[in-house]
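Chemist:
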Amino acid sequence: MGSEPIATIARIEMLRREAEVALDAAKGDAALTAWKGEWLGKGGRITSLLRSVGALDAADRPAFGAAVNAASRTLEAAYEAAASSRQADAMASALAAEAIDVTLPGTPPPRGRLHPSTIILRRMLDIFAEMGFQVFLSREVELDDVNFTLLNHPPHHPARDMQDTFYIAGTNEQVLLRTHTSPGQIRAMGAYAPDPIRIVLPGMVYRNEKITPRSEIQFTQVEGLAVGPHITMANLRGTIDGFVHRYYGPNRRTRFRTSYFPFTEPSAEVDVSCGLCDGAGCRLCKDAGWLEILGCGMVHPNVLANGGYDPAVVSGFAFGLGPMRAQMMAHGIDDIRHYWGNDVRFLEQFG
Ligand code: FA5
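If you're matching positions, the sequence shown starts at 30 in my numbering and goes up one per residue.
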């Protein structure tokens with residue numbers, strides 16, 4: 030009778046060793062879970078040994094039970110050790126796989142830049158600042174009176190048709206989007222009179238006209254205005270030449286052609302010699318040898334009076350430039366619609 034439990038206890042030992050060998054071979058979470066079910070689960074091979082305890086002599090039962098429990102605890106501990114080493118391995122390989130090298134250069138986000146129309150405006154303002162002109166900002170939504178009447182366009186005067194106008198609805202055509210920066214002359218005179226003025230006035234203007242490769246309905250202008258005693262056409266010419274030589278280069282020539290603007294008398298349009306052919310005629314200047322860059326003139330006495338000055342005491346000159354057209358010439362931009370087209374392939378080429 031005494032030999033049976035010993036043989037049975039030896040069997041427990043054998044099973045335990047078999048289980049340990051199987052545990053060694055169990056690689057990965059699924060194999061470990063399967064091992065636990067096979068050996069230590071409810072119907073597992075070690076656990077079910079306890080069921081055979083009833084077949085033993087009562088005297089042998091405690092030793093047998095204790096041996097099964099001891100084997101079970103040993104295997105449980107071995108399992109825990111294997112499972113936690115498996116977890117540590119999994120963690121280590123996950124960390125290795127997801128490791129980030131913080132010393133690698135990052136992917137830079139695309140940088141914003143100034144719009145070409147802003148770049149050219151600022152460049153021109155820099156030049157005029159160098160020549161002693163201050164910047165004066167005026168409103169884009171204007172009174173018809175200031176945009177036209179005070180600039181010497183009487184009501185119904187045909188000169189009003191030179192600039193097609195966007196009126197603000199419901200204002201009986203009394204309020205509009207300024208068609209040029211010249212109404213800023215009236216605003217500046219109102220702010221400065223009777224003191225002398227030397228300003229440039231940049232900004233957006235609007236015209237209700239057909240959009241073509243050369244003409245937009247929204248574009249920028251830079252207005253210049255000087256008012257004071259003894260200001261002459263020679264001062265205007267010197268200022269324009271000073272600007273042209275700084276902006277286009279010292280070898281470029283200017284040409285004044287008589288013109289008409291209601292708010293200047295006399296009036297002129299200024300051409301600059303073509304930078305590509307130097308006056309000989311080419312594709313850029315359409316064989317003219319010259320490129321038109323601005324309108325200008327001596328401020329009309331009526332306008333000086335409307336601005337609060339005495340035209341018997343002071344005189345003035347004014348000019349109006351189109352920076353976008355100047356930039357188009359300089360960069361060979363063949364279509365003004367690129368400016369507001371929002372195509373980054375165009376915009377990225379500037380700045
Ligand atoms: C004027 O607007 C006058 N106020 C200029 C002026 C000021 C004259 C002070 C005398 C004294 P004009 O309509 O020519 O003039 O426009 C001036 C410049 O704006 C043009 O030389 C051109 O470069 C630009 N421009 C005119 N119309 C357009 C347009 N539709 N699209 C883009 N640029 C334009």
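Glycine included, every Cβ here is placed at the ideal spot set by N, Cα and C.
In three-state DSSP terms, what is tyrosine 368?
Modeler: Three-state DSSP puts tyrosine 368 in coil, outside helix and strand.
Chemist: Sort out for me which residues DSSP pairs alanine 297 with in a bridge.
Modeler: BP columns for alanine 297 point to Thr287 and Cys325.
Chemist: Across the stretch 322-339 and the stretch 187-205, are there enough close Cβ pairs to call them in contact, namely three or more that are closer than 8 Å?
Modeler: Counting Cβ pairs under 8 Å, fewer than three are found: no touch.
Chemist: Under the DSSP definition of a beta bridge, which residues are partnered with phenylalanine 346?
Modeler: The partner list for phenylalanine 346 (beta bridge, DSSP) reads Ala255 and Met327.
Chemist: Report the rounded CA-to-CA distance for methionine 30 versus aspartate 86, giving the unit in angstroms.
Modeler: Note that methionine 30 has pLDDT 42, beneath the 50 cutoff, so the model's placement of it is unreliable and the number below is only indicative. Their backbone Cα atoms lie some 8 Å apart in a straight line.
Chemist: State yes or no: is the C-beta of isoleucine 246 nearer than 8 Å to some heavy atom of the ligand FA5?
Modeler: Yes, Cβ of isoleucine 246 sits closer than 8 Å to a heavy atom of the ligand FA5.
Chemist: Counting only the same chain and skipping the five closest in sequence on each side, list residues whose C-beta sits under 6 Å from that of alanine 48.
Modeler: Taken in chain order, the residues that qualify are Trp68 and Leu104.
Chemist: For serine 302, which residues does DSSP report across the bridge?
Modeler: Trp319.
Chemist: Excluding five sequence neighbours on each side, which residues of the same chain lie with their C-beta closer than 7 Å to the C-beta of threonine 208?
Modeler: Excluding residues within five positions, the ones whose Cβ falls inside 7 Å are Asn176, Gln192, Thr194, Val234, Tyr235 and Arg236.
Chemist: Can you give me the Cβ contacts of aspartate 363 inside the same chain, cut-off strictly under 8 Å, excluding the 5 residues immediately before and after it?
Modeler: The residues are Pro242 and Met357.
Chemist: Which value, in whole angstroms, describes the spacing of the CA atoms of glycine 57 and alanine 111?
Modeler: Approximately 10 Å, taken between the alpha carbons.
Chemist: Taking Cβ positions only, does glycine 161 come closer than 9 Å to chain B?
Modeler: Note that chain B does not occur in the displayed structure, where there is just one protein chain.
Chemist: Among Ser211, Arg354, Asp224 and Asp174, which has the Cα closest to the Cα of valine 204?
Modeler: That would be Asp174, whose Cα lies nearest to the Cα of valine 204.
Chemist: Tell me the start and end of each unbroken alpha helix (DSSP H) in the stretch 211-240 that is at least 4 residues and wholly inside, in chain order.
Modeler: Those alpha helix (DSSP H) runs which fall completely within the stretch 211-240 and span 4+ residues are 212-221.
Chemist: On the DSSP letters alone, give me the boundaries of the beta strand (DSSP E) that valine 204 sits inside.
Modeler: Taken as a continuous stretch (DSSP letters only), the beta strand (DSSP E) holding valine 204 covers 204-206.
Chemist: Once you ignore the five residues that flank glycine 73 on each side, which residues in its own chain have a CB closer than 7 Å to its CB?
Modeler: For glycine 73, where only same-chain residues beyond five positions count, the Cβ hits under 7 Å are Gly66 and Glu67.
Chemist: Please tell me whether arginine 282 and glycine 310 are closer than 9 Å, where the distance is taken between their beta carbons.
Modeler: Their beta carbons are not under 9 Å apart, which means arginine 282 does not touch glycine 310 by this criterion.
Chemist: By the DSSP assignment, the beta strand (DSSP E) with leucine 172 in it spans what residues?
Modeler: Counting along the chain, the beta strand (DSSP E) containing leucine 172 begins and ends at 170-172.
Chemist: Return the CA-CA distance between glycine 326 and phenylalanine 348, expressed in angstroms with no decimal places.
Modeler: Cα-Cα distance, rounded: 6 Å.
Chemist: Quick check: does the Cβ of arginine 411 come within less than 8 Å of any heavy atom belonging to the ligand FA5?
Modeler: Residue coverage of the chain in this structure runs from 30 to 380, which leaves residue 411 outside it and unanswerable.
Chemist: Under the three-state reduction of DSSP, which class applies to phenylalanine 248: helix, strand or coil?
Modeler: Reduced to three states, the DSSP call for phenylalanine 248 is strand.
Chemist: Name the DSSP bridge partner or partners of tyrosine 196?
Modeler: Looking at the DSSP assignment, tyrosine 196 forms a beta bridge with Leu205.
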